[in-house]
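Residue numbers (this note's numbering), protein chains in the order written: chain P, 3 to 102; chain R, 132 to 305.
C-beta atoms are modelled at their ideal positions from N, C-alpha and C, and glycine is treated no differently.
Just so we're clear, the structure is a prediction, and the values are computed from it rather than from any experiment.
The structure appears right after this line, and notes come after that.
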Amino acid sequence: MITPMHFLAVSVLLFTAGSMGVLLRRDALGVFMCIELMLNGVSLAFVTFSRMHQDFSGQVFVLVVLAVAASEAAIGLALMIAYSRSKRNVDLKEMNILKG
Amino acid sequence: MTVFDAYIIGFYVLSTITVAAAVMVVFSRNPLVSALYLALSFIGSAGLFIFLKAEFLALVQVLIYAGAIVVLFIYVIMLLDLAPERVKGVYGIIAKTFVASLLVLTALLLMFNILDLKSAFPVLDPDYTYTVVLASHLFSTYVVPFELVSIVLMIGIIGAVMLVKKIEKKGDMK
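Dropping the structure here:
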């Protein structure tokens with residue numbers, strides 16, 4: 003029998019993989035992809051709880067998350083293109099020019 | 132084999148694909164390969180959405196995440212021409228991060244264990260599509276957030292264009 007716990011376990015695994023990537027990756031693009039993974043895990047949890055309680059507000063919220071993720075991806079990738087024009091890479095370890 | 136067994140096997144296959152692809156996103160050094168695994172992970176979770184009777188979300192997930200966002204990622208990766216990451220001297224960080232994520236994982240699983248989640252999902256009418264219910268929620272209770280999201284998307288478009296546009300100096304105006 004598949005219970006809500008199974009789906010939530012998958013969502014936790016996705017979220018943990020994403021957070022691990024955020025800590026581990028060194029290029030900004032990789033970190034960004036891992037943030038999308040984390041958002042995806044959270045969406046899965048939302049849909050699971052919405053199915054569990056038969057309350058469709060969770061699904062509406064997933065749609066909002068999707069739209070915010072789309073605009074975030076657009077702006078973030080634009081920032082990376084703008085940054086790479088001056089630095090030729092998007093390595094997070096080299097983004098330290100504000101450090102005193 | 133009954134239909135019920137096929138349901139369980141399908142769930143396990145899909146969730147394994149989703150989680151394995153997610154782990155490969157983190158550990159593959161080539162950003163392009165990462166992006167393709169990201170698409171695979173999104174498609175897998177779209178399948179899980181279908182298991183949860185959220186057909187519309189599954190469709191939108193494939194269209195927007197796997198279709199638009201991942202393509203945007205791949206486009207930017209090719210535009211920036213990123214080299215694969217160097218892995219020298221980061222094994223200590225990998226070990227620390229691994230321990231940290233294991234801790235996060237156990238904490239989250241314990242947190243979910245407190246809730247009553249072991250009972251089965253409530254039975255829904257299998258012939259009914261719940262997209263209708265979702266739409267009625269979206270356009271009655273949540274109509275203001277829905278419109279606000281469109282403003283967020285518009286700000287996203289304008290911001291992306293403004294950030295990438297080359298700013299002309301005043302003397303260059305023609």
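Of all the residues that make up the region 32-54 of chain P, which are near chain R by a beta-carbon distance shorter than 7 Å? G32, M35, C36, E38, L39, N42, L46, V49, T50, R53 and M54
Does the beta-carbon distance from P:G43 to R:P162 come in below 8 Å? no
Spatially closest choice to R:F204 from P:A84, P:F34, P:I99 and P:A11, by CA coordinates: P:F34
Starting from the beta carbon of R:S165, find every residue of chain P whose beta carbon is closer than 7 Å, and list them in chain order. G32 and M35
Check whether the Cβ of R:V283 lies closer than 8 Å to any Cβ atom in chain P. yes
Measure the C-alpha to C-alpha separation of R:I288 and P:G78 and round it to an integer number of angstroms. 11 Å
Is there contact between the region 60-71 of chain P and the region 89-101 of chain P, where contact requires at least three CB pairs shorter than 8 Å? no
Taking 7 Å as the limit between beta carbons, can you name the residues of its chain near R:A170, skipping five residues before and five after? A197 and V201
Pull up the distance between the alpha-carbon of R:M304 and that of P:R90, whole angstroms please. Because R:M304 sits at a pLDDT of 49, beneath the cut-off of 50, its placement in the model cannot be relied upon, and the point is left open.
Which whole-angstrom value describes the C-beta separation of P:I4 and R:F142, a residue pair presumed to lie in contact below a C-beta threshold of 8 Å? 5 Å
Under 8 Å between the Cβ atoms of P:L100 and R:S176? no
Could you tell me which of P:G20, P:S73, P:T50 and P:A76 sits nearest to P:L39, measuring between CA atoms? P:G20
Boundaries of the alpha helix (DSSP H) in which P:G23 is found, first to last residue: P6 to L26
Tell me which same chain residues have a C-beta within less than 7 Å of the C-beta of P:L41, skipping the five on either side of it? V67 and A71
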